[in-house]
Amino acid sequence: MQRPALNALAMVAMFSAGCPGTLDNPERFLSGNTMDASTKDDGGSCGSINVELDILSKTTGNGCAQAGCHDGQTFPPNLLDLDVPGLSGKTSASCGGAKYIDPDAPMESLIYTKLAAAPPCGDQMPLDRDPLTDAEVECVLQWIIDNTP
180 MQRPALNALA MVAMFSAGCP GTLDNPERFL SGNTMDASTK DDGGSCGSIN
230 VELDILSKTT GNGCAQAGCH DGQTFPPNLL DLDVPGLSGK TSASCGGAKY
280 IDPDAPMESL IYTKLAAAPP CGDQMPLDRD PLTDAEVECV LQWIIDNTP
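Residue numbers (the numbering used here): 180 to 328.
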């Protein structure tokens, strides 16, 4: 009879651990080249959208790196941990070796193409959430362009 109680307790602990947290040191993950009106070359603006903080990180609780998604703590789906810097040139284990950030072809970067309604592999991101707006997707592309060597 104790086994079901232990299983229930383990499930409660597991689901509690799935709540989004906050990033203790967000400055550690900033490249210093965040998106705002002053960094976009075409005269456009991402307004208040900061790709690193608002979309990729778990600081806001809505980013890709939130608990249960790509935070690297519970499990990084497809071994992708978006809570660390240095994705440029790294390849996907499950999407035909596509580069997460492709400095030579930014529009082919998996981080960008997975935001499309019909991505080249798998499901559209963010999974089980509203898709990013067109403006947010364009800011992700511009961020990739601005932050690749």
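Just so you know, even glycine gets a beta-carbon here, dropped at the ideal spot from N, CA and C. On a predicted model such as this, the values are computed, not experimentally measured, just so you know.
Sub-9 Å separation of residue i and residue j beta-carbons
i, j, result
"Ala277", "Thr292", "yes"
"Cys225", "Glu287", "no"
"Pro299", "Ile323", "no"
"Tyr279", "Ser271", "yes"
Extent of the continuous alpha helix (DSSP H) to which residue i belongs
i, result
"Gln321", "Asp313 to Asp325"
"Thr270", "Thr270 -> no alpha helix (DSSP H), and no H or E assigned at all."
"Tyr279", "Element bounds for Tyr279: n/a, residue is neither H nor E."
"Leu289", "Leu289 to Thr292"
Span separating the alpha-carbon of residue i from that of residue j
i, j, result
"Ala297", "Met304", "10 Å"
"Pro310", "Ile290", "13 Å"
"Val168", "Thr312", "In this structure the chain extends from 180 to 328, so residue 168 is not present and cannot be described."
"Gly121", "Gln321", "This structure leaves residue 121 out entirely; the chain is present only between 180 and 328."
"Leu266", "Asn326", "11 Å"
"Asp302", "Arg308", "12 Å"
Burial state of residue i (16 or more Cβ within 10 Å)
i, result
"Leu306", "exposed"
"Asp283", "exposed"
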